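Report on the structure given below.
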Amino acid sequence: MFKNPKDNNIVSRLIFHLDLDYFYAQCEEIRSPELRNHPLVVCVYSGRNPDSGVVSTSNYKAREFGVKSGMPIKIAKSKLANEDAEFLPIDMSYYNHLSILAMEFVRKIADAYEYVGIDECYADFSRYSGSDFSRARKIADFIKSEIKVSTNLTCSIGVGPNKLVAKIASNFQKPDAITIINPQEVKAFIARCDIEDIPGIGPKNRIKLESSGIESVSHLAKFDLFRLKELFGYKIATYLQNAARGIDDTPIRPHVSKQIGRIVTLKNDVTNIENIFPILSSLSSLVYDTLMTRQLSFKTIIVRVVLHNLRQVTCSRNLKLSSTSIEELQNIARSLFLEAIHLHSLSFLDVRRIGITLSDLSSYTGQNKILQYFAEGSRNGNQESNKNNKL
DNA sequence: CCCTCGATCAC
DNA sequence: CCTCATATCGAGGG
């Protein structure tokens, strides 16, 4: 049992972060085991020409040749030109099915479970383990073997006293690994991490930090908070400094969707406004379907337009009242699109991609609305420790 | 204080 | 050559 150094009566939490390894590509390997020893690339084809689009995920064999997520398919193909590589189109419904199967077990046994993404979750095992970090490996092994049996998937698990450390730990060794950081090890572990290992620090923020001379996690941990606030604002600065010290109080809580969106890339850039309307209609239907499945209403609609030169324009509207009307959605989407192009005086517009997002979501059954109200209330009463710090 | 928009992250 | 979905923050306007 690890006691909190500040208070002997409070034991540490014991948090898991589970990450399904190279997920989409691994799903394809399970479906077609003969692909296992070949470079395998799962692609998002955009349909503009036979090779347009990007790499979603690749297996480790493909990564050896420099293939990375987000890379244009064309580049990936050139890197694998002399290999017996496989390029497959993304198949979300299949991956979703495997994901649900895999996560089910964790969700059932954990004290609390939090969905983060199709290949990621957090789980609180504090009670389950009695906060005994020496039991963490057994539990992690147990979960890994259960997932292996039910789906044949491998995963990586990070264990720590909070979500932040668990997440960094799950990424520390991959694939098919377990990394456990007990409370006493946190400071040393976090100090030797790269600054970009901290969730929320990507290329841009790294540069921003470097411009103030901050190049290491330990430097960030002791950097003057006021100066950090000038650089990033109150919330982010506080989050970053806490993170650099391995501190994170955010609880594991059920996922609540806050946005539902779809964006499509057009086969050809559209210059004629008329031709956009049917696309907006089908996008409206798509997001509306998801909205209904989740029994939600929307209050804000966002239309985003990506132009030929990849510049993005967005336009949004916040309604007075929540709505569940698809007609309203379609009408507003149209007028927002027109607003967007007028606002930016795009006389000759070249639309490359267009999307609709609904936000400000709430449950539309009265019962749930009341429950949600109380959930919000209890959270707000306890902001300092509860508020989600994530960027 | 609310609304809107862009930036950033990361999948 | 350049996908898709989501979450959060901060700036700027009103």
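The opening position of the first sequence corresponds to residue 1004 in the working numbering, with each subsequent residue numbered one higher. Here a beta-carbon is modelled for each residue, glycine too, at the ideal position from N, C-alpha and C. Every value quoted in this text rests on a predicted model; they were computed, and no experiment measured them.
- Nearest in C-alpha terms to Asp1024, of all of Leu1212, Ile1160, Ser1362 and Gln1262, is Ile1160.
- Cβ-Cβ separation between Val1109 and Leu1017: approximately 14 Å, too far for a contact (criterion under 8 Å).
- By a beta-carbon distance limit of 8 Å, Val1045 contacts Tyr1027. Their separation comes to about 4 Å.
- Under the criterion of beta carbons closer than 8 Å, Leu1364 and Leu1299 qualify as touching, at roughly 5 Å.
- The beta strand (DSSP E) runs of length 3 or more contained entirely in the stretch 1147–1207 are, from start to end of the chain, 1158–1163 and 1181–1183.
- About 6 Å separates the beta carbon of Ile1279 from that of Val1354, a gap short enough to meet the 8 Å contact definition.
- Around the beta carbon of Asp1251, 16 or more other beta carbons lie within 10 angstroms, which makes this residue buried.
- Inter-residue distance for Ile1121 and Met1095 is about 10 Å (C-alpha atoms, whole angstroms).
- Closest by C-alpha distance to Ile1093, out of Glu1067, Lys1111, Asp1135 and Leu1043, is Leu1043.
- The beta carbon of Lys1177 is closer than 7 Å to those of Asp1024 and Ser1159 in its chain, skipping five residues each way along the sequence.
- Secondary structure of Lys1323 (DSSP, three-state): strand.
- Positions of the alpha helix (DSSP H) runs, each at least 4 residues long and wholly inside the stretch 1020–1082, are given as 1026–1034, 1063–1066 and 1076–1082 in order along the chain.
- Counting C-beta pairs closer than 8 Å gives three or more between the stretch 1291–1306 and the stretch 1318–1335, which meets the contact rule.
- Distance from Gly1069 to Lys1082 at the Cβ level is roughly 5 Å; contact confirmed, criterion being Cβ atoms closer than 8 Å.
- Excluding five sequence positions before and after Gly1073, the CB atoms of its chain that fall closer than 8 Å to its own CB belong to Val1057 and Val1058, given in chain order.
- Secondary structure of Thr1293 (DSSP, three-state): helix.
- With contacts defined by Cβ atoms closer than 9 Å, Ile1198 and Ile1217 form a contacting pair.
- Non-local C-beta neighbours of Ala1079 in its own chain, meaning closer than 6 Å and more than five positions away in sequence, comprise Val1044, Val1058 and Val1070, ordered along the chain.
- Here the C-alpha atom of Ala1172 lies approximately 12 Å from the C-alpha atom of Tyr1125.
- Ser1153 and Arg1356 have their C-alpha atoms roughly 39 Å apart.
- Separation of Ile1204 and Arg1140 (C-alpha to C-alpha, rounded to the nearest whole angstrom) is 29 Å.
- Secondary structure note for Gln1298: it is in no beta strand (DSSP E), with a DSSP letter that is neither H nor E.
- The bridge partners DSSP lists for Gln1244 come to none.
- The straight-line gap separating the alpha-carbon atoms of Arg1248 and Glu1107 is approximately 33 Å.
- In this structure, DSSP gives Lys1261 a state outside helix and strand, which the three-state scheme calls coil.
- Short of 8 Å from the beta carbon of Val1189, and not among the five residues preceding or following it, lie these beta carbons of its own chain, in chain order: Gly1163, Pro1164, Val1168 and Gly1249.
- Per DSSP, reduced to three states, the secondary structure at Tyr1131 is helical.
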